[in-house]
Amino acid sequence: MNIVILFRSLTIEDPYQKIFEKNKLLPITLPLLSHRSLLSDSLFNQILVQGLFDAITKKLSNPNRTRNEIDAISSLLQLPVFTIGPSTSKKFGEKLNDIVQTTDLKTRNLKTTITEQDNANKLIPEIVLHAKTQQTARYLFLCGNISLDTIPNAMDANGILLTKYTIYTTEKTTPEETLHKLSNSLKSIPKNGECTAWLCFFSPSGVETVHEAMIHQKENVEKVLGVNFVKYAAIGNTTANKCRDLFGIHAIAQQPSPQGLLVAIQNYVEANQSENKKK
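If you read the sequence shown in my numbering, its first letter stands for residue 45, the second for the next number, and so on.
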């Protein structure tokens with residue numbers, strides 16, 4: 045029996061849940077992080093755009109919003125957008141469409157270009173290339189309180205002006221809460237025969253949170269979780285590096301997507317089965 049524990053937030057018709065269930069793996073989704081918006085009216089007026097797009101609709105619908113402000117927002121939303129990962133890109137597009145359809149912007153022919161890459165190191169050349177085509181290039185870096193400085197450092201090295209705004213905080217669950225969530229989720233599952241739990245991480249901070257929960261336990265991870273074997277998977281290389289440092293790593297998604305993660309796990313399982321047959 046293979047259990048796949050996904051350390052991420054569950055979404056409606058969750059694609060990760062669907063693809064693992066379809067392939068006869070048992071998925072359990074456990075969010076480790078919560079987010080709190082830091083966006084104030086004054087900060088909104090400074091940047092006229094934000095990462096938490098649910099709130100922007102209310103601001104645009106405000107009858108006190110002036111025509112000049114609407115014009116400024118309209119212009120800003122048509123600037124090129126650079127995102128990391130298909131989930132962020134898809135969410136941005138969906139929320140942008142929601143904003144346009146439910147505000148005064150509906151009557152305007154907005155066209156936003158979204159450039160997406162798997163990670164920061166792949167996205168940086170895209171931004172640098174765009175900057176070289178502009179007479180004057182300025183960029184906004186909208187991020188959380190624990191975001192890495194990979195992109196800001198690269199922009200600085202290339203002499204590109206980038207303004208960083210921390211618009212939300214990421215708060216980890218406590219080690220006790222994490223362990224409680226894990227134990228409760230696994231206790232309710234009837235385990236017939238040999239059981240392997242795949243711990244699947246989507247961010248370095250997620251790896252750290254689970255490690256903090258496990259490090260003070262007297263027993264090994266397998267005994268704590270009540271399974272025969274524990275394997276570790278990551279959605280990308282940055283997360284995999286952190287996982288390798290703290291736990292070890294068995295599978296790394298070549299693409300940060302449900303299919304990419306599934307294939308990485310399947311490839312490991314198949315390779316391991318082939319090795320066992322040779323023995």
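The C-beta atom is built at its ideal place from N, Cα and C for all residues, glycine as well. Computed from a predicted model, the values in this text were never measured in an experiment.
**Prompt:** Which partner residues does N46 have in the DSSP bridge list?
**Reply:** Stepping through the sequence shown from its first residue, residue 46 is reached at position 2. For N46, which the question treats as bridged, DSSP gives the partners T240.
**Asked** What three-state label does DSSP hand A297 in the structure shown?
**Response** As a first step, residue 297 must be located in the sequence shown, where it is residue number 253. It is coil, neither helix nor strand.
**Request:** Say whether the region 155–170 touches the region 272–284, bearing in mind that this needs 3 or more beta-carbon pairs closer than 8 Å, one atom from each stretch.
**Result:** By the C-beta criterion, the region 155–170 is judged to be in contact with the region 272–284, since at least 3 inter-stretch pairs fall below 8 Å.
**Request:** Just mark Q94 as buried or exposed, buried being the case when its beta carbon has 16 or more other beta carbons within 10 Å.
**Result:** Against the sequence shown, residue 94 aligns to sequence position 50. Because the pLDDT of Q94 is 37, which lies under 50, any placement of that residue in the model is unreliable, and the number read from its coordinates should be weighed accordingly. Answer is buried; the Cβ neighbour count reaches 16.
**Item:** Buried or exposed (CB count within 10 angstroms, at least 16 for buried), K275
**Value:** Locating residue 275 in the sequence shown gives position 231, where the first residue counts as 1. Looking at its Cβ environment, which holds 16 or more other Cβ atoms inside 10 Å, K275 is buried.
**Asked** Buried or exposed: where does G250 fall if 16 or more other Cβ atoms within 10 Å of its Cβ makes it buried?
**Response** The sequence position of residue 250 within the sequence shown is 206, counting from 1. Label assigned to G250: buried.
**Message:** Checking 8 Å against the spacing of the C-beta atoms, do P300 and A257 come in under that value?
**Reply:** As a first step, residue 300 must be located in the sequence shown, where it is residue number 256. As a first step, residue 257 must be located in the sequence shown, where it is residue number 213. Cβ atoms of P300 and A257: not closer than 8 Å.
**Request:** Indicate the three-state DSSP secondary structure (helix, strand or coil) for P234 in the structure shown.
**Result:** As a working mapping, residue 234 is identified with position 190 in the sequence shown. Coil, per DSSP.
**Asked** On the premise that V271 lies in contact with T240, defined as a C-beta separation below 8 Å, what is that separation, rounded to the nearest angstrom?
**Response** Walking along the sequence shown from the start, residue 240 turns up at place 196. Walking along the sequence shown from the start, residue 271 turns up at place 227. Between the beta-carbon of T240 and that of V271 there is about 7 Å, and that keeps the pair under the 8 Å contact cut.
**Inter-residue spacing [alpha-carbon to alpha-carbon] between Q317 and H294** = The residue you call residue 317 lines up with position 273 of the sequence shown. The residue you call residue 294 lines up with position 250 of the sequence shown. Rounded to the nearest angstrom, the two C-alpha atoms are 14 Å apart.
**Prompt:** Pairing CB atoms from the region 166–186 with CB atoms from the region 133–151, are three or more of them under 8 Å?
**Reply:** Segments in contact, no.
**Prompt:** Just to confirm, are I158 and S131 a CB contact at a threshold of 8 Å?
**Reply:** Numbered from 1 along the sequence shown, position 114 holds the residue referred to as residue 158. Numbered from 1 along the sequence shown, position 87 holds the residue referred to as residue 131. The answer is no: Cβ separation not under 8 Å.
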